[in-house]
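S.K.: First, the structure itself, so that you have it in front of you.
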Amino acid sequence: MQDSFSRVIDYLRISITDKCNLRCIYCMPADGVTPARHSDILRYEEIIRVAAAAARLGVRKIRLTGGEPLVRKNVAFLISSLRKIVGIEDISLTTNGILLGQHAKTLADAGLDRVNISVDSLRPQRYREITRGGDLDTVLAGIQAAEHAGLRPLKINMVPMRGMNEDEILDFARITINTERHVRFIECMPAGSVNFWEPGKYMTTDEIRGIIETLGPLSPVKVRTNGPSKYFRLPGARGVIGFISALTHHYCEDCNRLRLTADGMLRPCLFSETEIDIRSAIRTGAPEEEIERLLKLAIAVKPQGHMLGRLSSSSGAPRISPHAVKRPMSRIGG
Ligand code: SAM
Ligand code: SF4
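When we follow the working numbering, the leftmost residue of the sequence shown carries the number 801, and every step to the right adds one.
Put into structure tokens, the structure is as follows:
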């Protein structure tokens, strides 16, 4: 399946809930966001129908995300059903890790291949502040359980923020020296109605990379990956370091993905508000051809790229409107 710019689209990110058990400062307001109505959230059989249609069109990889995907009941059932779809080769999950200790083995047994775990601080009190209440030890136990269950390579996502956790960038980078874990640094993006994002807190990949290179030069490595990370290795390190630079190093030319929101909207680009309602089609008894037509339409309208951060201000920081993406990441499926 190719879009109008000859990009092969083989990756579907499925948000299975917009609810979350944390309230990360850059993602959600303190009192959360009004969740979609329960009846608007796609049921598992509806998600499976979209995924099967996408697989017929060439999608090979699926990632489950949210909100926090593990707050939804019986994710293992969904994974085992997705596993049975002909053509699906890879199933992964992005989680904050809080519930992973309880579920890692069941998820792996159901057919999950890998997990990405978001951790923005390795200091318990700071982790609690950034997530507004999360318990770091629970997440660390979740990481261990995931590795024990064979969910490897384990990827850790960190969003560096100036004045918040920038002094931990080296601690995160050092994780890759003695373990095979991937540590990925994500540029903070302006999303949702959170009054958090401002250029002062935002750190560019180049800045983050400069800090990490005080440990040694980073050599580029080729990692088979579904996403936009660019990977590097510190001298002698077992694991790798990735950078996801939505704002400063555009990865749009390699974009291979389509998103399905928890309330059944196909979203061709994270940064574009264009959404295609596939839920209504499913619920009004549309035939398979119509589901496939909507998927093809979503791919046909996929923009060439987003414009965020294209203009640089005199300070060198990208000039971006504070809420460039209207839906919060928790409601899109980050
Ligand atoms: N709850 C799960 C988690 O935290 O991993 C999955 C959903 S979360 C929206 C997915 C990823 O998006 C996380 O790694 C999170 O750090 C990232 N994210 C959320 N809001 C972001 C923002 N404004 N800028 C950059 N990354 C963001
Ligand atoms: Fe929840 Fe993930 Fe958003 Fe944090 S980043 S509030 S864990 S959805």
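Glycine included, each C-beta is placed from N, C-alpha and C at the ideal position.
(1) Just checking R1067 against ligand 2 - is the residue's beta carbon closer than 7 Å to any of the ligand's heavy atoms?
(2) Taking its Cβ as the centre, do 16 or more other Cβ atoms sit within 10 Å of R837, making it buried, or is it exposed?
(3) Would you report the Cα separation of T906 and P1020, rounded to the nearest angstrom?
(4) Would you report the Cα separation of D840 and M1129, rounded to the nearest angstrom?
(5) Three-state secondary structure (DSSP) at F1043?
(6) Which same chain residues end up closer than 7 Å to G1000 when comparing Cβ atoms and leaving out the 5 residues on each side of it in sequence?
(7) Have a look at the DSSP bridge pairing and note the partners of M828.
(8) What is the residue span of the alpha helix (DSSP H) that L922 lies within?
(9) How would you label F1043, buried or exposed, when you count the other beta carbons within 10 angstroms and need 16 or more for buried?
(10) Can we count I986 as close to ligand 1, meaning its CB is less than 7 Å from some heavy atom?
(11) Check R1110 in the structure and name its three-state DSSP category.
(12) Output the distance between the C-alpha atoms of D967 and S881, rounded to the nearest integer angstrom.
(13) Can you list, in chain order, the stretches of the alpha helix (DSSP H) that have 4 or more residues and sit fully within the stretch 964-1021?
(14) Here's the rule I'm using: 16 or more other beta-carbon atoms within 10 Å means buried, otherwise exposed. How should T984 be labelled?
(15) Should L822 be listed as close to ligand 2, given that the test is whether its C-beta is under 7 Å from any heavy atom?
(16) Cα separation between Y844 and L1018?
(17) Using the rule of at least 16 other Cβ atoms within 10 Å of the residue's Cβ for burial, across every protein chain shown, is V808 buried or exposed?
(18) If you pair each beta-carbon of the stretch 872-880 with each one of the stretch 918-925, do three or more pairs fall below 8 Å?
(19) Can you give me the start and stop residues for the alpha helix (DSSP H) that R1038 sits inside?
(20) With a 10 Å radius around its C-beta and 16 neighbouring C-beta atoms as the bar for buried, classify E868 as buried or exposed.
(21) Does the stretch 1083-1090 come within contact of the stretch 889-907, defined as at least 3 CB pairs closer than 8 Å?
(22) Using 7 Å as the cut-off, classify the Cβ of S834 as near or not near the heavy atoms of ligand 1, replying yes or no.
(23) Compare the C-alpha of F805 against each of E1053, L1097 and F1071 and name the closest.
(24) If you draw a straight line from the C-alpha of R1059 to the C-alpha of D810, how long is it?
(25) From this set, L954, T834 and L864, which residue's C-alpha is nearest I848's C-alpha?
(26) If you drop the 5 nearest sequence neighbours on each side, which residues of the same chain put their C-beta closer than 7 Å to that of A949?
(27) Tell me the rounded alpha-carbon separation between R1009 and L1094.
M.R.: In brief:
(1) Within the sequence shown, the letter at position 267 stands for residue 1067. R1067: no, Cβ never under 7 Å from ligand 2.
(2) As a first step, residue 837 must be located in the sequence shown, where it is residue number 37. By the beta-carbon neighbour count (other beta carbons within 10 angstroms, threshold 16), R837 is exposed.
(3) Taking the sequence shown and counting its residues from 1, the one referred to as residue 906 is at position 106. Taking the sequence shown and counting its residues from 1, the one referred to as residue 1020 is at position 220. Using only the alpha carbons, I get a separation of about 35 Å.
(4) Mapped onto the sequence shown, residue 840 falls at position 40. Mapped onto the sequence shown, residue 1129 falls at position 329. Cα to Cα, the separation comes out at about 18 Å.
(5) To locate residue 1043, count along the sequence shown from 1; it is residue 243. If DSSP states are grouped into helix, strand and coil, F1043 belongs with the strands.
(6) Reading the sequence shown from its first residue, position 200 is the one you call residue 1000. The residues are R962.
(7) The sequence position of residue 828 within the sequence shown is 28, counting from 1. Answer is none; M828 lacks a bridge partner.
(8) In the sequence shown, residue 922 corresponds to position 122, counting from 1. It is not in any alpha helix (DSSP H) - L922 carries neither H nor E in the DSSP assignment.
(9) Indexing the sequence shown from 1 puts residue 1043 at position 243. Flag for F1043 reads buried.
(10) Start at 1 with the first residue of the sequence shown, and residue 986 comes out as number 186. At a cut-off of 7 Å, the beta-carbon of I986 counts as near ligand 1: some heavy atom of the ligand is closer than that.
(11) To locate residue 1110, count along the sequence shown from 1; it is residue 310. Confidence at R1110 is low in this model, with a pLDDT of 46, below 50, so its placement is unreliable and the value that follows should be read with caution. Collapsing the DSSP output to three states places R1110 in coil.
(12) Locating residue 967 in the sequence shown gives position 167, counting from the first residue. Locating residue 881 in the sequence shown gives position 81, counting from the first residue. Rounded to the nearest angstrom, the two C-alpha atoms are 43 Å apart.
(13) 969-978 and 1005-1012
(14) Counting from one through the sequence shown, the residue named residue 984 turns up at place 184. Sequence check: residue 984 is Arg here, not Thr. So R984 counts as buried.
(15) One-based indexing of the sequence shown puts residue 822 at position 22. Correct: L822 has its Cβ closer than 7 Å to ligand 2.
(16) Along the sequence shown, read from residue 1 onward, the residue named residue 844 stands at position 44. Along the sequence shown, read from residue 1 onward, the residue named residue 1018 stands at position 218. Between Y844 and L1018, the C-alpha separation is close to 42 Å.
(17) Locating residue 808 in the sequence shown gives position 8, counting from the first residue. Under this definition V808 is an exposed residue.
(18) no
(19) Here residue 1038 corresponds to residue number 238 of the sequence shown, with the count starting at 1. First-last for R1038: undefined, no H or E at that position.
(20) Residue numbering aside, residue 868 sits at position 68 when the sequence shown is read from its first letter. Buried, by the Cβ-count rule.
(21) no
(22) As a working mapping, residue 834 is identified with position 34 in the sequence shown. Note on residue identity: the sequence assigns Thr, not Ser, to residue 834. Because no heavy atom of ligand 1 lies under 7 Å away, the Cβ of T834 does not count as near it: no.
(23) Residue mapping note: residue 805 aligns to position 5 of the sequence shown, counting from 1. Closest by alpha carbon: E1053.
(24) In the sequence shown, residue 1059 corresponds to position 259, counting from 1. In the sequence shown, residue 810 corresponds to position 10, counting from 1. Using only the alpha carbons, I get a separation of about 11 Å.
(25) In the sequence shown, the residue the question calls residue 848 occupies position 48. Ranking L954, T834 and L864 by Cα distance to I848 puts L864 first.
(26) Taking the first residue of the sequence shown as position 1, residue 949 is located at position 149. Closer than 7 Å at Cβ, skipping near neighbours: A904, K905 and A908.
(27) Counting from 1 along the sequence shown, the entry for residue 1009 is found at position 209. Counting from 1 along the sequence shown, the entry for residue 1094 is found at position 294. Straight-line Cα distance between these residues: approximately 40 Å.
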